[in-house]
Structures are given as structure tokens and as C-alpha cells.
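Shown next, in C-alpha cells, is the structure this report addresses.
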Amino acid sequence: MISLPDFSVVVGLPQSSFEIISGTENLLRISYKGKKNKIQLPYFIKKDTLFITERIDNKNQNRFFIIECKAIQTLIANKTNNIFVHNFKNRNFKIINDNSDVYLGLTKYNNKKIITVDIDSLNYKGTKSTFIVENIQIKDLNIQLNYSEMKIMSGVNVGDFTINLADSSSLIKYSSKSGNIKNTNLIADKSSYCDIVKY
């Protein structure tokens, strides 16, 4: 466990993989599935930004990183492997996803557990990326996809949902179980697909 100073932005650099949760302190937890081994610090901090640097490959697949944070405003995924955001509460949050997979409300290591995300306002912009959401409560959700896909799973509750799809993007709702999307505003070009209006 590593104590971290305050930061408002998290950047995942290429091939990194980690989880983000809310907490009362800013911490970086390193967990091991098997043998524990020494590693160089997998991050650096510049101004108010935390950069996660370690590349995930066959040599280090036995460990993963959990970032516990008091409050962050922005997550930037830059050609990362996977980023999981769960057990997370925030008033305003922004996600910029470039060539990465971001999971909101899901966790890689305990898929059966109910994971909650509670956000007042979320702005998401994805380019050549995948965004998967489940078990979330968001009052105002704004999605912009370019060459990207969004998958809505179960337990998704949204007040106002603004969707902008372009460049062969898609938004598919796989389940309406225990979820409610109240108001939807959809803008999509002819190359993109959205089936949320069917529910």
C-alpha cells in the first residue's frame, strides 16, 4: 500500500491496467494473485495528475493495481488494457477513452458482487474504444462515441441520457433488469446504431 498526494486526474498510459474506487485516503494498492515479487513504482505524479505507467505482459499478469481516491475529476485511458471503476461516488466525472476498454460498475475479480457507482454528472468521450456499464446510478449522462461501442448491462439507472454516435459507433442495451433510463436524447449518423429506444 502506497500513500499518494492529492490528485484530480488519472491517466492510464499504454498497456496499463488498474481499478479505481472511492476512499477516505489517496492510496495505491498492489495485489498479487500468486507469488509476490519486487517491482518498480508503477506510477508518477505531475502537478495534479497521477500517471499509471506499468505495462501488463506475461511477466507481470499475477498482479494488479487498485487506486483508492478521495476525489478525482477526470480519467484518461490512452491505449490501456482494462480499467475498472467501481465502488465509486462522485459529483462530476469525465472519462476520455482512446483505444481502451473501460468498465464502469464492474470489477474483474469479483463479478458476482453487486458493485455500485453513484455519479451526479458523467461526460464520456470514446474514440476507437469500448465502454461497458452495469449497476450504476447517474443523474446526467452525456455520451459521445466515435468508432466506438457502449454496452449497457443490468442495473443501469440514468435520469437524463444524451447520446451522440458517429463513425460506425454502436450502443446496445443487453438487459433492462433492475434498471431505468428516464429521458433520452439521441443523435446518430447513418453509419451508427443504437437500440436503446426500443426499451
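Numbered according to my numbering, the sequence shown spans residues 94 to 292. Don't be surprised by glycine CBs; every beta carbon is placed ideally from N, CA and C.
Subject >> Closest residue to Asn185 among Asn119, Val210, Lys275 and Phe177 (Cα-Cα distance) >> reply: By one-based count along the sequence shown, residue 185 stands at place 92. Closest option to Asn185, judged by alpha-carbon separation, among Asn119, Val210, Lys275 and Phe177: Val210.
Original post:
What are the boundary residues of the beta strand (DSSP E) that includes Gly62?
Top reply: Within the shown structure, residues of the chain are numbered from 94 to 292, placing residue 62 beyond reach of any answer.
**OP:** Look up Ile289 in the DSSP assignment and say whether it is helix, strand or coil.
**Re:** Residue mapping note: residue 289 aligns to position 196 of the sequence shown, counting from 1. Looking at Ile289 - three-state DSSP - the assignment turns out to be helix.
Original post:
Based on the DSSP output, what are the partners of Asp260 in its beta bridges?
Top reply: For the purposes of this step, residue 260 is identified with residue 167 of the sequence shown, where counting begins at 1. In DSSP, Asp260 forms no bridge with anything.
**OP:** For Lys275, count neighbouring C-beta atoms within 10 Å of its own C-beta (all shown protein chains included) and say buried if the count is 16 or more, exposed if not.
**Re:** The residue labelled residue 275 in the question sits at position 182 within the sequence shown. Exposed.
Original post:
Just the Cα atoms here: how many angstroms apart are Arg122 and Ser96?
Top reply: On the sequence shown, residue 122 is found 29 positions in, with the first residue counted as 1. On the sequence shown, residue 96 is found 3 positions in, with the first residue counted as 1. Between Arg122 and Ser96, the C-alpha separation is close to 9 Å.
Subject >> CB of Leu106 within 7 Å of CB of Phe144, strictly >> reply: Mapped onto the sequence shown, residue 106 falls at position 13. Mapped onto the sequence shown, residue 144 falls at position 51. Yes, the pair counts as a contact, with Cβ atoms nearer than the cut-off.
Original post:
Going by DSSP, what residues sit across from Ala170 in a beta bridge?
Top reply: Sequence index remark: in the sequence shown, residue 170 carries index 77 (1-based). Beta-bridge pairing links Ala170 to Gly105 and Asn190.
Subject >> Sequence-distant residues of the same chain with beta carbon closer than 6 Å to Ile113, five excluded per side >> reply: Along the sequence shown, read from residue 1 onward, the residue named residue 113 stands at position 20. Contacts found: Ile160 and Val178.
Original post:
Near Met94, what residues of its chain come up, given a Cβ to Cβ distance below 7 Å and the 5 sequence neighbours on each side ignored?
Top reply: For the purposes of this step, residue 94 is taken as the residue at position 1 of the sequence shown. Answer for Met94: Leu120 and Arg122, listed in chain order.
Original post:
Less than 7 Å separating the beta-carbons of Asn171 and Asp191?
Top reply: The residue given as residue 171 occupies position 78 in the sequence shown. The residue given as residue 191 occupies position 98 in the sequence shown. Cβ distance < 7 Å, so Asn171 and Asp191 count as in contact.
Original post:
How would you label Tyr196, buried or exposed, when you count the other beta carbons within 10 angstroms and need 16 or more for buried?
Top reply: Within the sequence shown, residue 196 is the residue found at index 103, counting from 1. So Tyr196 ends up on the buried side.
**OP:** Return the chain-ordered list of same chain residues with a C-beta closer than 8 Å to the C-beta of Asn250, the five sequence neighbours on each side being excluded.
**Re:** Position 157 of the sequence shown, counted from the first residue, corresponds to residue 250. When the five nearest sequence neighbours on each side are left out, the beta carbons in the same chain lying within less than 8 Å of the beta carbon of Asn250 are those of Ile229, Gln230, Ile231, Gly272, Asn273 and Ile274, in order along the chain.
Original post:
What is the C-beta distance between Glu227 and Gly252, in whole angstroms, given that I count them as a contact (C-beta under 8 Å)?
Top reply: Here residue 227 refers to the residue found at position 134 when the sequence shown is read from its first residue. Here residue 252 refers to the residue found at position 159 when the sequence shown is read from its first residue. In fact, because the Cβ distance is near 17 Å, the residues do not count as touching under 8 Å.
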